[in-house]
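Asks: Residue numbers (the working numbering): 2 to 248. All C-beta atoms in this analysis are idealised placements derived from N, C-alpha and C, irrespective of residue type, glycine included. No experiment lies behind these values; they were computed from the predicted model shown. Quick one: the structure is below, questions incoming.
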Ligand code: SF4
Ligand code: SF4
Ligand code: FES
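Below you can see the structure in the form of structure tokens.
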């Protein structure tokens with residue numbers, strides 16, 4: 002016989018007058034291979050039609066189902082209830098704007114981050130639509146692809162202590178975005194521009210390096226390597242400024 006799951010879910014609708022944050026408990030019979038997307042859908046269908054949560058792809062691709070599951074920010078659609086104890090506690094991701102219950106708006110933050118790091122290739126080279134496609138070294142293309150795998154779920158930001166106390170911090174997702182353009186040879190930003198972006202409290206100086214982000218990233222992005230590269234680049238730029246490094 003399957004287990005009866007005890008789902009304790011954070012509830013709060015900021016648009017509803019007099020509503021207060023509270024926890025609602027729902028009981029649910031566990032079925033084989035039940036994931037949290039299906040579990041929440043069943044709860045909404047059978048017990049709480051006004052329960053708010055986000056899902057789009059159900060396949061770990063869109064990044065919309067990030068939530069705190071038993072204390073850990075992760076993707077609900079990729080979480081099987083069989084990997085959890087009988088009691089499951091669900092909270093919305095902290096840090097982001099709460100829309101209601103388990104639903105948060107990560108889009109505002111990610112758009113702002115993309116604008117702050119100028120998340121596009123900076124080049125003076127004119128686009129020629131009939132020119133042959135530029136070739137890129139395979140290893141480098143793979144490194145860029147690794148950073149591009151970020152699905153903007155926000156789990157790394159929710160799990161980052163610095164981001165909670167210093168909202169301007171770019172977090173792992175922002176630093177990963179910087180790292181992606183930093184290694185792209187088509188991006189012609191100079192040392193000074195990079196230095197201004199990276200060597201601030203909002204950038205790499207704000208990062209304590211305890212790597213909670215790396216622990217929770219559901220896509221296993223190589224954040225450790227990306228941060229190491231950014232730090233290395235920054236040290237190189239500092240030495241150059243001091244005249245102690247030539248390249
Ligand atoms: S290493 Fe720590 S401080 Fe730095 S981005 Fe990751 S969680 Fe935040
Ligand atoms: S770096 Fe990982 S945890 Fe952070 S937003 Fe991207 S995929 Fe999510
Ligand atoms: S629903 Fe798309 S990542 Fe979970």
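1. Any idea if residue 177 is buried or exposed, counting beta-carbon neighbours within 10 angstroms, 16 or more meaning buried?
2. Leaving out the 5 sequence neighbours to the left and right, which residues in its chain are closer than 6 Å to residue 95 when beta-carbon positions are compared?
3. For residue 156, name the three-state secondary structure that DSSP assigns.
4. Would residue 102 be called buried (16 or more neighbouring beta carbons within 10 Å of its own) or exposed?
5. Along the chain, which unbroken stretches of the beta strand (DSSP E) at least 3 residues long are found entirely within the segment 30-92?
6. Tell me whether the segment 145-159 and the segment 101-121 touch, counting them as touching only if at least three CB pairs, one residue from each stretch, are closer than 8 Å.
7. Mapping the DSSP letters down to three states, classify residue 230 as helix, strand or coil.
8. With DSSP collapsed to three states, give me the class of residue 204.
9. Mind reading off the beta-carbon distance from residue 70 to residue 89? Whole number of angstroms is fine, and I expect it under 8 Å.
10. In the structure shown, what three-state DSSP assignment does residue 8 receive?
11. Is residue 163 near ligand 1, judged by its Cβ being under 7 Å from some heavy atom?
12. Helix or strand or just coil, what does DSSP make of residue 222?
Replies: To lay it out plainly:
1. To locate residue 177, count along the chain shown from 1; it is residue 176. By the 10 Å Cβ count, residue 177 comes out buried.
2. Numbered from 1 along the chain shown, position 94 holds the residue referred to as residue 95. Cβ neighbours of residue 95 beyond the five flanking positions: 159.
3. Along the chain shown, read from residue 1 onward, the residue named residue 156 stands at position 155. Of the three classes helix, strand and coil, the one that applies to residue 156 here is helix, per DSSP.
4. Within the chain shown, the letter at position 101 stands for residue 102. Its Cβ being crowded by 16 or more others within 10 Å, residue 102 is buried.
5. Entirely contained in the segment 30-92, the beta strand (DSSP E) runs reaching 3 residues are, in chain order, 67-70, 73-76, 88-92.
6. Because the criterion of three Cβ pairs below 8 Å is met, the segment 145-159 and the segment 101-121 touch.
7. Within the chain shown, the letter at position 229 stands for residue 230. Here residue 230 sits in helix by DSSP.
8. By 1-based counting over the chain shown, the position of residue 204 is 203. In the three-state reduction of the DSSP assignment, residue 204 falls in the coil class, being assigned neither a helical nor a strand state.
9. Here the question's residue 70 lines up with position 69 in the chain shown. Here the question's residue 89 lines up with position 88 in the chain shown. The beta carbons of residue 70 and residue 89 sit about 7 Å from each other, so the pair counts as a contact at 8 Å.
10. For the purposes of this step, residue 8 is identified with residue 7 of the chain shown, where counting begins at 1. Residue state, collapsed to three classes: strand.
11. Here the question's residue 163 lines up with position 162 in the chain shown. The answer is yes for residue 163.
12. Here residue 222 refers to the residue found at position 221 of the chain shown. Residue 222 falls in the coil class under three-state DSSP.
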